[in-house]
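> Take this structure, written in structure tokens, and hold onto it; I'll ask about it next.
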Amino acid sequence: MFSLLLLLLSTRLIVSDGLSGTWKLLLRDSGVSAMHVQLLNNGKVIIFDRQDFGQSRIMLPTWECDPATVPNTTDCSAHSVEYAIVSNTIRPLRVETDLWCSSGFVDASGVLNQIGGDKNGTRVVRTMAPCDGGCDWVENRDALLAGRWYASVQKLPSGEGIVVGGRGQFNYEFYPKTTFPKLYSLPFLKQTNDKGSDNNLYPFTFLNTDGNLFIFANNRAILLDYKTNTVVKTYPTIPGGDPRSYPSTGSAVLLPLRDLEAATVTAEVLVCGGAPNGSYAKSTKKKFVPALDTCARMTITDPNPNWVIEKMPFARCMGDMVLLPHGDVLIINGAGRGTAGWERADTPVNNPVIYKPDEATGSRFETQNPATTARMYHSSAILLPDGRVLVAGSNPHPHYKFTNVQFPTEVSLDTFLPSYLNEHMNNLRPEIYLPATNSQVGYGQQLQVLFSTRAAADLTKVNVTMVAPSFASHSFSMNQRLLVLTMGTIQVVGTNTYEVSVSIPKSTILAPPGYYMIFVVHQDVPSVSIFVKIS
């Protein structure tokens, strides 16, 4: 993987003077527009869009084509693909039910559980196992108790997923139904529902460090004890009262978790962008209101929490937020005016922004080099194991439209390379030798990490982080989570070669079971990661 990264860095990149970050085109044609994206622990990325968009740019193999099973189309084109990172190749996948505007999570065994969709897919759970060969989607019909369209999913300490909301669904349920077999009412979702424009869809959900579920919808949030269906805390409304969730569509992350051995682990949430009140209604008349240019940050574990407002360099809705291995947040994609929906926005925001949560207020944003491709409605971004960010998708139309429109449907795949991947950082970049990728480790155990750097390392500036790969769709990366691990003393074991023991969290609340990317970070420059399974 490290040699692959160096090869990528040696190719021609898009760079502008005076700004950070570079861009590289991976594939001009991946076949489908990336409405939904999930990285698996085998180095493959599962990409899919809406099943009835019309003919995509990639066909299913002849022996897999059965038009009778595909809704609203007889063209036998694929609407899901598997992207192999190392070989930079695409393999078509077959889905039989409509997975438009769905959600998902990777379970403790590494299998992607894809939840819901529209029409004949609204109660379906589809699974995709990581494999090296010809695996494909497996569909479980009527697996859900309610139709889940525009719902969110959070993986829990048990390994189960809690499925929250969806259009017309003011409730939640679990999958699989090992512990909680019923449907549970959640009045908060009805209270945050703006008649005519929703603004409570794809709620931002985060597993708090106390084991309860933080749920944000519209412009406010609660802390839910999902086991007893009890709201244990109601948070303040974001100042200004403008909506931030779909279709006003800001984005949100749980900031990196640190000091994991403490009695109480502090948790902070950052919500950025969105669209002002009334934007959706005005967009139906082609009047596109400037998006919100603020972020709101709150310590959700504080006994008396309050939102702190910060101003972004650009107004942005439909942006994506990606946790980088060293703890900064990348804000990327989106539009400067309008809201989410077909043809409801313009003014693409091509400049990504880095948010540095540990810097002083007023000094946290850093503008990056612009993309050359507009990534509007239905775009996605995820962190890759080598520290790059995969950027894909954009289709602001009811069907594929590649010509004669302002923002053509995008089936290309780009990567954004943060400044830590600049060539002059190569001497700082660590390389992990041990453990082997996909090793297993238990809760509370020590993990021995052997790594090297090209030049002597500054051992006072080394961290080890672990990142849960996320399910990205509609500007929210579900289950995205970064933990800064507690380290022992770093030992020098050879020329520029080091060993350190890191503590795996003791609690499934801090790190739900499953696969994580482990990075060694030296002076804010990350290694290529390895996958470790925590169980």
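Numbering (mature numbering (1 follows the signal peptide of the UniProt record, and there is no 0)) for the sequence shown: -18 to -1, 1 to 517. Every residue gets a Cβ at the ideal spot worked out from N, C-alpha and C, and that includes glycine. Since we're looking at a predicted model, the values are computed, not measured.
May I have the straight-line CA-CA distance separating glutamine 136 from alanine 450, to the nearest angstrom?
So the alpha carbons of these two residues sit roughly 12 Å apart.
> Name the two residues that bound the continuous alpha helix (DSSP H) containing alanine 203.
It is not in any alpha helix (DSSP H) - alanine 203 instead sits in the beta strand (DSSP E) that spans 202 to 207.
> Report yes or no: do the stretch 86 to 93 and the stretch 54 to 74 share at least 3 C-beta pairs separated by less than 8 Å?
Segments in contact, no.
> Going by beta-carbon coordinates alone, are threonine 468 and valine 484 separated by less than 8 Å?
Cβ distance < 8 Å, so threonine 468 and valine 484 count as in contact.
> Does the Cβ-Cβ distance between serine 2 and serine 345 come in under 8 Å?
No; because the gap between Cβ atoms is not below 8 Å, this pair is not in contact.
> What does the Cβ neighbour count give for leucine 126, buried or exposed, with the cut at 16 atoms within 10 Å?
Counting Cβ neighbours within 10 Å, leucine 126 comes out buried, since at least 16 surround it.
> When burial is assigned at 16 or more other CB atoms within 10 Å of the CB, is tyrosine 243 buried or exposed?
According to the sequence provided, residue 243 is glutamate. The question's tyrosine does not apply to it. Per the 10 Å Cβ criterion, exposed.
> Which of the three DSSP states is assigned to phenylalanine 384 in this structure?
Three-state result, phenylalanine 384: coil.
> Less than 8 Å between the C-beta atoms of leucine 239 and valine 466, yes or no?
Their beta carbons are under 8 Å apart, which means leucine 239 touches valine 466 by this criterion.
> Could you check if glycine 476 is buried or exposed, using at least 16 other CB atoms within 10 Å of its CB as the buried criterion?
It is exposed - the Cβ of glycine 476 has fewer than 16 other Cβ atoms within 10 Å.
> Looking only at its own chain, which residues have a Cβ that is under 7 Å from the Cβ of threonine 160, when we skip the five neighbours before and after it?
Cβ within range, chain order: Glu142.
> Under the rule that 16 or more other beta-carbon atoms within 10 Å means buried, what is serine -3, buried or exposed?
The predicted model places serine -3 with a pLDDT of 43, which falls under 50 and marks its position as unreliable; any figure quoted below should be read in that light. Serine -3 should be labelled exposed.
> How far does the beta strand (DSSP E) with isoleucine 473 in it extend, from its first residue to its last?
A small correction: the amino acid at residue 473 is glutamine; isoleucine does not occupy that position in the sequence shown. Run containing glutamine 473: 473 to 476, per the beta strand (DSSP E) assignment.
> Going by DSSP, which residues form a beta bridge with asparagine 445?
Paired residues: Val503.
> Give the secondary structure of isoleucine 516 by DSSP, where H, G and I count as helix, E and B as strand, and everything else as coil.
Three-state result, isoleucine 516: strand.
> Cβ of arginine 149 versus every heavy atom of the ligand SAH: is any distance shorter than 7 Å?
Here there are no bound small molecules, and the ligand SAH is not part of this structure.
> Out of Leu168, Gly178, Pro225, which has the shortest C-alpha to C-alpha gap to valine 213?
With distances taken between Cα atoms, valine 213 lies closest to Leu168.
> Leucine 189 lies in the beta strand (DSSP E); which residues open and close that run?
Run containing leucine 189: 186 to 189, per the beta strand (DSSP E) assignment.
> For the beta strand (DSSP E) containing leucine 75, list its first residue and its last residue.
Leucine 75 -> beta strand (DSSP E) spans 71 to 75.
> Please report how far the alpha carbon of asparagine 332 lies from the alpha carbon of threonine 210, in whole angstroms.
Going from the Cα of asparagine 332 to the Cα of threonine 210 covers about 44 Å.
> When you compare only the Cα positions, how much space is there between residue 521 and alanine 353?
Nothing about residue 521 can be read from this structure; the chain reaches only from -18 to 517.
> Which residue comes first and which comes last in the alpha helix (DSSP H) that contains proline 169?
Per DSSP, proline 169 belongs to the alpha helix (DSSP H) from 169 to 173.
> According to DSSP, is glycine 103 part of a helix, a strand, or is it coil?
Residue state, collapsed to three classes: helix.
> From Gly129, Gly301, Gly115, Ile72, pick the residue whose C-alpha is nearest to that of aspartate 100; which is it?
When each option's Cα is compared against that of aspartate 100, the closest is Gly129.
> Spell out the partners DSSP gives cysteine 254 in its beta bridges.
Answer by DSSP bridge pairing, in chain order: Ser233, Cys277.
> Report the rounded CA-to-CA distance for histidine 360 versus valine 373, giving the unit in angstroms.
The alpha-carbon atoms of histidine 360 and valine 373 are separated by roughly 11 Å.
> Measuring CB to CB, does arginine 73 end up less than 8 Å from valine 63?
Result yes, Cβ atoms of arginine 73 and valine 63 sit closer than 8 Å.
> Quickly, what does DSSP pair glycine 260 with across the bridge? List them, please.
In DSSP, glycine 260 forms no bridge with anything.
> When the Cα of asparagine 408 is compared with those of Val503, Val431, Asp31, which residue comes out closest?
Of Val503, Val431, Asp31, the residue nearest in Cα terms is Val503.
> DSSP puts threonine 397 in a beta bridge; with which residues?
Per DSSP, Lys6, Leu372.
> Which residue from Gln462, Val510, Phe398, Lys267 puts its Cα closest to that of threonine 355?
Measuring from the Cα of threonine 355, the nearest candidate turns out to be Phe398.
> In whole angstroms, what separates the C-alpha of phenylalanine 196 from that of serine 233?
Roughly 15 Å between the two C-alpha positions.
> Is the CB-CB distance between asparagine 201 and threonine 219 below 8 Å?
Their beta carbons are under 8 Å apart, which means asparagine 201 touches threonine 219 by this criterion.
> Suppose the cutoff is 6 Å on Cβ atoms and the five residues either side in sequence are ignored; what does the same chain contact list for serine 471 look like?
Checking the sequence, you will find threonine at residue 471 rather than serine. Counting only Cβ-Cβ distances below 6 Å, and skipping sequence neighbours, we find nothing.
> Quick one: complete beta strand (DSSP E) runs, 3+ long, within the stretch 303 to 367?
The qualifying runs are 311 to 314, 317 to 320, 327 to 330, 335 to 337, 347 to 349, 361 to 365.
> Which residues in the same chain have their Cβ closer than 7 Å to the Cβ of leucine 492, if we skip the five residues on either side of it in sequence?
Closer than 7 Å at the Cβ level, and outside the excluded window around leucine 492, lie Thr191, Leu239, Leu242, Val247, Leu465.
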